[in-house]
Amino acid sequence: MNIMNSSSIGPNEIKADGFTVLAQGGGENALFEYARLSDFLFDQLNVSSIVLIHGLGGHPRDTWTYRNKTTGNVSDDSKYGLRKVFKHKKRNTDHLEVPRGKEEDLYWPGELLAKDFKDARIMTYGYDSQIARSIGSAANQNTISSHGNNLLNRLARERSSDPRRPLIFIAHSLGGLVLKRALINSRSTIADNQDLRNIYECTLGIIFFGTPHRGGSDLASWGLLASRIVKAFGLDVNDRILRSLTGDDGILDDLAADFSKMLGDKAFHVDTFQEEREFHGLPGFTGKIVPAASSALQDARERIHGINANHVDMCRFSGQEDEGYKATNGAVTRYMASWNRLLTEESVGQ
């Protein structure tokens, strides 16, 4: 686990693999500052964890960082093409040191979210979602299911000291599928593994950014073709995830069905954000990477929002007044308010 100071981001490291705690949140007041023990315990229960999960070819820092296009630090669509998704440069990915950059650049989870929700523990989660590497540096061959199982076990371990803390998830693209698999596994776990079951039971809400809940992702179809091309150049490719994104192997349908059942059993909040702009960074491809029909759960309980950005930039916010951030902030606020009401009702009933 890596912990950073959200008030002074600087050239800190954010782990490419595993959890980085951006803000601890809550627990800052000593017990003697409370008039009653019950008030102290109530305050501790009110502390939520917000977990951000990146998508295909993403990174727990880059995915959520806005770069002002007038400074030269452009959030370039092409960086999500072969040079980004099909990364084959040999390097150490255990840690990635990312400088603060120019003043206009903004890492909103640490600079906005942590300030607006001071009581929340905010974490990013990283996993190897690159699908092509050079021979000698093999591509990770994990499936969506494997990534989901890893997330579940790692998160349970991360929460061992406070296993009943409420959870809010923010997931981009493939990260939403990984999260769904983790929650489905959590729900179906046996009683002896209560630490795993707690993940499902403590979930307050989920924000999905461009998650392809159903097949038909244009990125996947293009990616399968591109994977054959990079294989021809001697690269090691994991096309299992790409095949799943097309919907051909039935994995997306199974995830959608199981997640729908889970929503019926547990009333947590779901907000879906959909890209409204086409993507122009891939050779021979123009359009929305995840169409609206694919990114919607098609469940009456979800709230659907449009983001005036493409698939890559839809979760990169320029500041407090960015409409995308305001919608995200509003969803998190609503989730926490529902938890506060529940705690208050239980406290009054005792």
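The sequence shown finishes on residue 382 if you use our numbering, and the numbering steps up by one all the way, no holes. Beta carbons: idealized from backbone N, C-alpha and C, even for Gly. The structure presented is a predicted model; accordingly, all values stated were derived computationally and were not measured.
**Item:** Cut-off 8 Å between Cβ atoms - residues of its own chain near Ala328, not counting five sequence neighbours on either side
**Value:** His245, Thr304, Gln306, Glu334 and Ile336
**Prompt:** Taking Pro92 as the reference, which of Gly57, Ser81, Gly50 and Asn100 has the closest Cα?
**Reply:** Gly50
**Message:** Given 8 Å as the limit, tell me if Gln306 has its C-beta closer than that to any heavy atom belonging to the ligand SAM.
**Reply:** Within the structure as shown, the ligand SAM is missing, as the structure has no ligands at all.
**Residues near Phe241 by beta carbon distance below 6 Å, same chain, minus five either side** = His204, Phe305, Met346 and Cys347
**Prompt:** In terms of residues, what are the limits of the alpha helix (DSSP H) holding Tyr232?
**Reply:** Gln226 to Glu233
**Item:** Enclosing alpha helix (DSSP H) for His245 [first to last residue]
**Value:** Premise fails: His245 is in no alpha helix (DSSP H) and is neither H nor E.
**Asked** What's the call for Thr365, buried or exposed, on a 16-neighbour Cβ count within 10 Å?
**Response** exposed
**Message:** Between the alpha carbons of Ile7 and Arg213, how many angstroms are there, rounded?
**Reply:** Since the displayed the chain opens at 33 and closes at 382, residue 7 lies outside it and no answer follows.
**Asked** Mind pulling the beta strand (DSSP E) runs of 3 or more residues that sit fully within the stretch 300 to 348?
**Response** 301 to 307 and 334 to 339
**Asked** Do you know whose CA, among Asp227, Ile222 and Asp151, lies nearest Ala369's CA?
**Response** Asp151
**Item:** Simplified DSSP assignment, three categories, for Val53
**Value:** Residue state, collapsed to three classes: strand.
**Message:** Let me confirm a value: Ile216 is counted as buried when at least 16 other C-beta atoms fall within 10 Å, else exposed. Which label applies?
**Reply:** buried
**Request:** With a 10 Å radius around its C-beta and 16 neighbouring C-beta atoms as the bar for buried, classify Ser80 as buried or exposed.
**Result:** buried
**Request:** Please work out which residues of its chain come closer than 7 Å, Cβ to Cβ, to Leu54, disregarding the five sequence neighbours upstream and downstream, and give them in chain order.
**Result:** Met36, Ser38, Pro141, Gly142, Ala146, Ile154, Met155 and Thr156
**Asked** Bridge partners of Ile85, per DSSP?
**Response** According to DSSP, Ile85 shares a beta bridge with Tyr157 and Ala203.
**Message:** Cutting at 6 Å between CB atoms, please list the residues of its own chain near Gly356, excluding the five before and the five after it.
**Reply:** Ile339 and Phe349
**Prompt:** From which residue to which residue does the alpha helix (DSSP H) around His179 run?
**Reply:** Ile176 to Glu190
**Prompt:** Is Ser161 near Leu84, with beta carbons less than 9 Å apart?
**Reply:** No, the pair does not count as a contact, with Cβ atoms beyond the cut-off.
**Prompt:** By DSSP, does Gly237 sit in helix, in strand, or in coil?
**Reply:** strand
**Item:** Nearest residue (CA-CA) to Gly384, options Lys293, Asn100 and Ser326
**Value:** What the structure shows of the chain is the stretch from 33 to 382, and residue 384 is not part of that stretch, so it cannot be assessed.
**Message:** Give me, in chain order, the residues of the same chain whose beta-carbon lies closer than 6 Å to that of Asn100; leave out the 5 immediate sequence neighbours on both sides.
**Reply:** Excluding sequence neighbours, Asn100 sits near Glu136.
**Request:** Thinking Ile200 and Val302 are a contact (beta carbons under 8 Å), I'd like their distance in whole angstroms, please.
**Result:** 11 Å between Cβ atoms; not a contact.
**Endpoints, the alpha helix (DSSP H) within which Leu295 is located** = Ile283 to Asp297
**Asked** Going by the beta-carbon positions, is the gap between Ser292 and Asp354 smaller than 9 Å?
**Response** no
**Message:** Buried or exposed for Asp286, going by 16 or more other Cβ atoms inside 10 Å?
**Reply:** exposed
**Where Thr221 sits in the DSSP three-state scheme** = coil
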